[in-house]
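Student: Same order as they appear, the protein sequences are chains E and F. Residue numbers for the first sequence follow this note's numbering, so the first one is 1 and each next one is one higher. Residue numbers for the second sequence follow this note's numbering, so the first one is 1001 and each next one is one higher.
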Amino acid sequence: QKEVEQNSGPLSVPEGAIASLNCTYSDRGSQSFFWYRQYSGKSPELIMSIYSNGDKEDGRFTAQLNKASQYVSLLIRDSQPSDSATYLCAALQMDSSYKLIFGSGTRLLVRP
Amino acid sequence: DGGITQSPKYLFRKEGQNVTLSCEQNLNHDAMYWYRQDPGQGLRLIYYSQIVNDFQKGDIAEGYSVSREKKESFPLTVTSAQKNPTAFYLCATGLQGATEAFFGQGTRLTVV
Chain E
1 QKEVEQNSGP
11 LSVPEGAIAS
21 LNCTYSDRGS
31 QSFFWYRQYS
41 GKSPELIMSI
51 YSNGDKEDGR
61 FTAQLNKASQ
71 YVSLLIRDSQ
81 PSDSATYLCA
91 ALQMDSSYKL
101 IFGSGTRLLV
111 RP
Chain F
1001 DGGITQSPKY
1011 LFRKEGQNVT
1021 LSCEQNLNHD
1031 AMYWYRQDPG
1041 QGLRLIYYSQ
1051 IVNDFQKGDI
1061 AEGYSVSREK
1071 KESFPLTVTS
1081 AQKNPTAFYL
1091 CATGLQGATE
1101 AFFGQGTRLT
1111 VV
């Protein structure tokens, strides 16, 4: 069973701090990775995608990918209370199936 | 109005009844997915389809069935064989290949 692993949290950070969310994956064949934000009771919303090693920045968000270590992370700079949500990491399996597999999510709490 | 429409938003059914959840999209996406989410849990893949008239089982397909007769539509039937059907059901769509997926607003099914 190919898996995506995340620490469930909660990760608690003060307002204005950097929140660091981490994810590992087991399928070495995966090439595409995604971060989704899910507010309580709502559906997931795509916030970042990353396909190659290194960093990708979009506003306050930076996604980092290290394929050798099978590790993906999401940094949120200047965290706001509105960032409080569950963050889901997903990996696209690139065998014949193209299945999108999710981790169980990390709950982030940003304290005012 | 473009997007992914899941209906209904809330659904109540008696135990032993089959129920069909609707997912319609006008994004011209080839890939469609059904996920199940239980409270405090991540997303588990039920079924997915990369092309019309073809679909594959995900990790928890038992007790569910789908069809893909049209590109725009991917209905999910929760049968009486599903032991614990109460959950939040999410439909997602994406372009074929290694790209991101986008979610509908979800259907919350409660079986009493």
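Glycine residues also receive a C-beta, built at the ideal position from the N, C-alpha and C atoms. In this text the structure is predicted, and so the values were computed from the model without any measurement.
Can the beta-carbon of I76 of chain E be found closer than 9 Å to that of L21 of chain E?
Tutor: The residue given as residue 76 of chain E occupies position 76 in the first sequence. The residue given as residue 21 of chain E occupies position 21 in the first sequence. In contact: I76 of chain E and L21 of chain E (Cβ atoms closer than 9 Å).
Student: Could you tell me the alpha carbon to alpha carbon distance between K1083 of chain F and V1111 of chain F, rounded to whole angstroms?
Tutor: Along the second sequence, one-based indexing puts residue 1083 of chain F at 83. Along the second sequence, one-based indexing puts residue 1111 of chain F at 111. Taking the straight line from one Cα to the other gives about 10 Å.
Student: For R1068 of chain F, would you say it is in contact with chain E, using Cβ-to-Cβ distances shorter than 9 Å as the test?
Tutor: As a position in the second sequence, residue 1068 of chain F is number 68, starting the count at 1. So no, R1068 of chain F is outside the interface.
Student: I'd like to know whether the C-beta of Y1033 of chain F is nearer than 9 Å to at least one C-beta of chain E.
Tutor: Looking up residue 1033 of chain F in the second sequence gives position 33. Answer yes: the Cβ-Cβ gap between Y1033 of chain F and chain E drops below 9 Å somewhere.
Student: With distances taken from CA atoms, which of E:D83, E:P81, E:E3 is nearest R28 of chain E?
Tutor: On the first sequence, residue 28 of chain E is found 28 positions in, with the first residue counted as 1. That would be E:E3, whose Cα lies nearest to the Cα of R28 of chain E.
Student: With a 10 Å radius around its C-beta and 16 neighbouring C-beta atoms as the bar for buried, classify I50 of chain E as buried or exposed.
Tutor: For the purposes of this step, residue 50 of chain E is taken as the residue at position 50 of the first sequence. Classification for I50 of chain E: buried.
Student: Does the Cβ of T1020 of chain F have 16 or more other Cβ atoms within 10 Å, making it buried, or fewer, making it exposed?
Tutor: Translated into the one-based positions of the second sequence, residue 1020 of chain F becomes position 20. The residue in question, T1020 of chain F, is exposed, as its Cβ has fewer than 16 Cβ neighbours within 10 Å.
Student: Return helix, strand or coil for D83 of chain E, following the three-state DSSP convention.
Tutor: Numbered from 1 along the first sequence, position 83 holds the residue referred to as residue 83 of chain E. In the structure shown, D83 of chain E sits in a helix (DSSP, three-state: H, G or I).
Student: Is there a C-beta anywhere in chain E that falls below 9 Å from the one on G977 of chain F?
Tutor: Any question about residue 977 of chain F goes unanswered here, given that chain F covers just 1001 to 1112.
Student: Specify the secondary structure class of E5 of chain E as computed by DSSP and reduced to three states.
Tutor: Within the first sequence, the letter at position 5 stands for residue 5 of chain E. In the structure shown, E5 of chain E sits in a strand (DSSP, three-state: E or B).
Student: Could you tell me which residues DSSP puts in a beta bridge with K1070 of chain F?
Tutor: Here residue 1070 of chain F refers to the residue found at position 70 of the second sequence. According to DSSP, K1070 of chain F bridges with F:S1073.
Student: Name the chain F residues that come within less than 8 Å of I101 of chain E, Cβ to Cβ?
Tutor: Taking the first residue of the first sequence as position 1, residue 101 of chain E is located at position 101. By Cβ distance, chain F contributes L1045.
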